[in-house]
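Heads up: the sequence lines are chains A and Z, in that order.
Take 1 as the starting number for the first sequence in the working numbering and just add one per residue.
Take 1001 as the starting number for the second sequence in the working numbering and just add one per residue.
Backbone N, C-alpha and C define an ideal beta-carbon position, used for all residues, glycine too.
Note sheet for the following structure.
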Amino acid sequence: MTLNGWLQILVFCGILIILVKPLGAYMTRVFSGERTFLSPVLAPVERGLYTLAGTNEREEQHWTAYAFALLMFNLAGFLMLYGILRFQYVLPFNPAGMSAVGPDLSFNTAISFVANTNWQSYGGESTMSYFSQMVGLAVQNFVSSATGMAIAIGLIRAFARASGKSIGNFWVDMTRATLYILLPICIVLTLVYVYLGVPQTFGAYVRATTLEGAQQTIALGPVASQLAIKMLGTNGGGFFNANSAHPFENPDSISNMLQMLSIFAIGAAFTNVFGRMVGNQRQGWAILSAMGILFIIGVAVVYWAEASGNPIMHSLGLQGANMEGKEVRFGIVMSSLFAVITTAASCGAVNAMHGSFTALGGLIPLINMQLGEVIVGGVGAGFYGIILFIIIAIFVAGLMVGRTPEYLGKKIEAKEMKMAVLAILCLPLAMLGFTAIATVLPSAVSSIGTAGPHGFSEILYAYTSAAANNGSAFGGLSANTPWFNTTLGLGMLMGRFLVIVPALAIAGSLIGKKRVPTSAGTFPTDSGLFVGLLVGTILIVGGLTFLPSLALGPVVEHLVMIAGQTF
Amino acid sequence: MSRANSASILDSRIVLPAVGSAFTKLNPRTLAKNPVMFVVATVSALTSVLFLRDLVTGSDDLGFSFQINLWLWFTVLFANFAEAVAEGRGKAQADSLRKARTETQAKLLSNANGTDYRQVPGTSLKVGDVVLVEAGDIIPSDGEVIEGVASVNEAAITGESAPVIRESGGDRSAVTGGTQVLSDWIRVRITAAAGSTFIDRMISLVEGAERQKTPNEIALNILLAGMTLIFVLATATIPSFAFYAGGSIPIIVLVALFVTLIPTTIGALLSAIGIAGMDRLVRFNVLAMSGRAVEAAGDVDTLLLDKTGTITLGNRQATEFRPAKGVTEQELADAAQLASLADETPEGRSIVVLAKEKYAIRARDMQNLHATFVPFTAQTRMSGVDLDGSSIRKGAVDAVLKYVRLGHVAGGASASEGSIKEVEAIASDIARVGGTPLAVARDGKLLGVIYLKDIVKGGIRERFTELRKMGIRTVMITGDNPMTAAAIAAEAGVDDFLAQATPENKLQLIREEQAKGKLVAMCGDGTNDAPALAQADVGVAMNTGTVAAREAGNMVDLDSDPTKLIEIVEIGKQLLMTRGALTTFSIANDIAKYFAIIPAMFLSLYPELGVLNIMGLSNPQSAILSAIIFNALIIIALIPLSLRGVKYRAVGAGALLSRNLLIYGLGGIIVPFIGIKAIDVVITALGLA
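Take a look at the structure:
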């Protein structure tokens, strides 16, 4: 580790913190339906869309109607995307002449993009037509993030409003998220990426003759526009198979920094939106601080592990850090930082191969996802994820101050507890359950790339990534098999929708509750104590479940490596 | 008010039967009420069957799996034992209460003023009967003292052996059936029929057989059940992982890991905590009609407290005579004393006493003066005396002024406007400092004003400061005018006051507070209070109060001490805190248990994982055994705490939480590391593993 390295990490954190307030203020205005500086241009478009769809923007929905609209919209998105992938060979913008995507891969990919996961069992440049990329995948990249934001906003309203029945209008929230937040930022980012050298073309792949005289196909396409939403919407599905390690998808350190900031920007700003809407920005900062603590711990461990390198290599005289699977233009710091960010949020884009990290370096991304990606987390998803942990933390702590637990004046009772527990339960169910089946299934085990604990980590990582809706892969695992495509698809569905519905149910229950005024007897949720409590709860309630699996994966791999054994 | 006997938590009279019921509670239907312990019992049964199979087929490590089985069952039994002990304390009380109820004989008086009585069984008494209770007698049923003063031993219901005084008239007139008169005698009018007395209600309550789970308990149970399910996933997936690593894990070890990870500590003690909370109230002489009310008490935001009896001493006392111009203090004192001679109210008596002590005016005999007493009525709001040819009146200033203005007394001089103004000025001076002015007039002439002072109870100001720290707002309710109320409120340090309170505006105040989302507690005794008591979230009716009030409230205070509202709130908070603290402790324990079991469990697969054995436990079997033994013993160790409750301190929520987090959170992480290591040392020394 070097001072320079830490300075780079500090620069990232600094810029992010500066972004939180203005972006939070803007998003608050958007979701409150207030005028913004983009309203003159976008308001007519917004009204036009509502007129077209027959939506009354003033009409709010009960949580069940909200959830139903959301589920139907996602179902429609899934069917459309599945259709596009199956029929891409007859659809336009297919200069490379890609054939139809297979049924299990289409199923997996469609779920993957609808669920904001972007797990890719395929290589983009060798499987997808430009039409599939732009009309199929990119559309879902936008609306799946907007869906996440809509849920988070619904939940925020439950705390912000003194009382009521409806949590908002899903169609309006989703439209505003896309139109006012995702679209404008993506347009700007696309132009910047193009300036930095990212291709943006409908032209065919270029054939080049190398110096050695060999023929090489250089894949191109509308990369910049795909890239912008892939990062901003914490989707992570790369245009190219190599994702953000590919020079066309991440040319230099500036684009790398921009990409990392895009992953966290909206998620971090959501804490501020929350603070503003509940009338105390400190509440938002407290949540962001808890996230920040967990994030910095993760970064420190990965950076340390990667910078320390591999003792087996050292003993062979190969001194230095672990550069395996990393791009030289990013180096140890930017690769470590990127890995932590992409797994802390539900992005899953990578600029280095996580499977090539040291055992402990790979442990942190795994833990980040197992905790449910609540460290800033996916767009909207991270926020409603951490609210679930807050509910549990507040419940236990609230009892300890001798009152019925309440968060921001809303009482946490049996119903909220039931829903929070249900949502938290589905992650270990999908992550550990599928891993347990796959590790005893010979056909599944044959997909792994490396024997021993590392192979175990590959499978665990795959299901963890799917259920957490991350989408990054550990590498090594050949996941494009009917078994993995199907079960990973199911894992993504469980991790997404079995959390969304309880989260909305909590919103629906809380919004009807009268707000209890705060007093000296109320536990202050904007204090350092609360931050510590939240961090502890996330680690103990979210993390302890996975300890046995981690012990048999990365932990034992690390210990074995120290002992000098490799696999 | 005995909290002294909570020290004898593990009394052998309670412990021995509890051991028995620990076994009878193994009935699956009883266990099913507690999800965590039901799961433990189920897996224990499973491993017992496996053990029996191994016993027949023969296998290694029979000794080890026998011990694990044993401790698994102990875990369930200890949980049952904890509940049985909590119930046992109630049962022991119920038994002695029942004895008091059945064995009494009553001396039924044939007429209320007579002395003829006949012996009848206590259970045959009807409401309205009047009985004589003499020294050594047991009071046959609930009632009100209508004559006499006696010292009464109420140990049967309160456990407090120091006698209390019960007397006719005033705050201490209610007596409870089953208590014993120690000295003197009293006549008691029976107010409760057989079967519905306080003791009957108390018996059904302290036995707690049909105890309903409170809302918070339900929510906590959901969390515990959820955590149990999470750990089902964590342990049920291990065999596959081990298979991948090329080995296998014995079922008994998996079960041991599972049982130690799930929140057995809080699961085992949860119902004991609830029962003990109710029990604490009972010991405090407060009868809560439901557990929900106790929990609500912990949440109270606003306390409505009656001024009289709670904030001030019940009786206002005359402290000064302020004569009008041209009247001497002596003259005023003399008239005031005459007017008060027949006035039996404490205020009246204090006027007589003040006149005697300060102006040496001896009390005179009414008979000799040929005086007729004019009693106080709600219409005149005055009382006084008519002597030969002269009449003296004292009363509320406006009432007396109205009286003199009308020139009621024939031949009496009408009061001058000047003296009226003067008396009004004196009265408002007194009111401004929180006193109550009483005007005195003789034959239509205003003599002056008596200054009645409210004496604020010692230490009450500190209590309100504590309440403020707890985040509870206090509102003083008084019939006084706003000026007087403000002065007393300032002196006592309450946050707000409601002056000139009527039942309507009391109810209105409660509704307003509730509309703001606040929980309101109040106490009351009169029939007037019934609507407000019913509206309040926590309504404490005084035992001396009317039947209507008692039925409207959700708690009854046997001592009729309104100050207790404060303690009730503390008991409610304590109940919630104890649950939270033990939940935190239980969850925090898991870290150490993982460090004991994981290296032990996976050592055969990957010897390198031995590094995780940071406690240096002697061998894998001993590690697993130590964890499960610790898990069982901690239940026993925490029974006293769960019965006693976590100590409540009146500090802010933040300070309270950091303290409890430090003790039960950090303590919960550290204690098992030490405990498991210690057990490991012992069982290794004993050669058990």
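Residue closest to residue i, alpha-carbon to alpha-carbon, out of the options
| i | options | result |
| --- | --- | --- |
| Gly1580/Z | Ala43/A, Gly402/A, Val499/A and Gly24/A | Gly402/A |
| Ser145/A | Ala204/A, Ser121/A and Asp173/A | Asp173/A |
| Gln226/A | Gln215/A, Val501/A and Leu183/A | Leu183/A |
| Gly292/A | Leu366/A, Gly382/A and Phe330/A | Gly382/A |
| Thr1308/Z | Ser1141/Z, Ile1273/Z, Ala1499/Z and Leu1132/Z | Ala1499/Z |
| Met1542/Z | Leu1446/Z, Lys1457/Z, Gly1553/Z and Gly1572/Z | Gly1553/Z |
| Ile1275/Z | Lys1356/Z, Ala1534/Z, Thr1502/Z and Gln1574/Z | Gln1574/Z |
| Asn94/A | Cys186/A, Ser163/A and Tyr130/A | Tyr130/A |
| Gly275/A | Ala286/A, Ile266/A and Val541/A | Ala286/A |
Contacts of residue i in chain A (Cβ-Cβ under 9 Å)
| i | result |
| --- | --- |
| Pro1215/Z | Thr404, Glu413 and Ala414 |
Exposure label - residue i; buried when at least 16 CB within 10 Å
| i | result |
| --- | --- |
| Met128/A | buried |
| Pro1680/Z | For the record, residue 1680/Z in the displayed sequence is Asp; it is not Pro. Label assigned to Asp1680/Z: buried. |
| Thr1057/Z | exposed |
| Asp1454/Z | buried |
| Ala1410/Z | In this prediction, Ala1410/Z has a pLDDT of 45, which is less than 50 and means its spatial position is unreliable; what the coordinates show is noted afterwards. So Ala1410/Z counts as exposed. |
| Val1385/Z | buried |
| Tyr1606/Z | buried |
| Pro1028/Z | exposed |
| Lys513/A | buried |
| Arg1003/Z | Its pLDDT being 38, under 50, Arg1003/Z is placed unreliably by the model, and the measurement read from it follows with that caveat. Exposed. |
| Ser1012/Z | exposed |
| Tyr205/A | exposed |
| Pro311/A | exposed |
Rounded distance between the beta-carbons of residue j and residue i, thought under 8 Å
| i | j | result |
| --- | --- | --- |
| Val1076/Z | Ile1262/Z | Incorrect: roughly 12 Å between the Cβ atoms, too far for contact. |
| Ala393/A | Leu534/A | 5 Å |
| Thr342/A | Ser472/A | 6 Å |
| Glu327/A | Ala245/A | 5 Å |
| Thr486/A | Asp104/A | 6 Å |
Contact under 7 Å by Cβ, residue i with residue j
| i | j | result |
| --- | --- | --- |
| Ala1489/Z | Met1476/Z | yes |
| Ile1311/Z | Ala1018/Z | no |
| Arg1322/Z | Ile1426/Z | yes |
| Ala466/A | Ala1219/Z | no |
| Leu441/A | Ala462/A | no |
| Val114/A | Gly77/A | yes |
| Val1188/Z | Gly1143/Z | yes |
| Asn1069/Z | Thr1047/Z | yes |
| Val1300/Z | Gly1277/Z | no |
| Glu60/A | Gly154/A | no |
| Leu1125/Z | Ile1190/Z | yes |
| Gly1668/Z | Ala1588/Z | yes |
| Phe546/A | Gly491/A | no |
| Ile1463/Z | Ile1566/Z | Checking the sequence shown, residue 1463/Z turns out to be Arg, not Ile. Yes. |
| Val1449/Z | Pro1437/Z | yes |
Chain-ordered neighbours of residue i on chain A, where CB pairs are closer than 8 Å
| i | result |
| --- | --- |
| Thr1583/Z | Val396 and Leu399 |
| Ile1614/Z | Under the 8 Å cutoff, chain A gives no residues; its nearest Cβ is about 13 Å from Ile1614/Z. |
| Tyr1648/Z | Gly402 |
Per-residue contacts from residue i into chain Z (C-beta, under 7 Å)
| i | result |
| --- | --- |
| Val556/A | Tyr1606, Glu1608 and Leu1609 |
| Ser527/A | Gly1654 |
Contacts that residue i makes with chain Z (C-beta to C-beta distance below 8 Å)
| i | result |
| --- | --- |
| Pro428/A | Ile1230, Leu1233 and Ala1234 |
| Phe523/A | Ala1653, Gly1654 and Leu1657 |
| Ser519/A | Asp1301, Gly1471, Ile1472 and Arg1473 |
Contact list for residue i against chain Z, beta-carbon separation under 9 Å
| i | result |
| --- | --- |
| Ser549/A | Ala1234, Thr1237, Ile1238 and Phe1241 |
Amino acids of chain A, ordered along the chain, whose beta-carbon sits closer than 7 Å to that of residue i
| i | result |
| --- | --- |
| Asn1631/Z | Here the premise fails: no neighbours, minimum Cβ distance about 15 Å. |
| Gln1574/Z | Gly402 |
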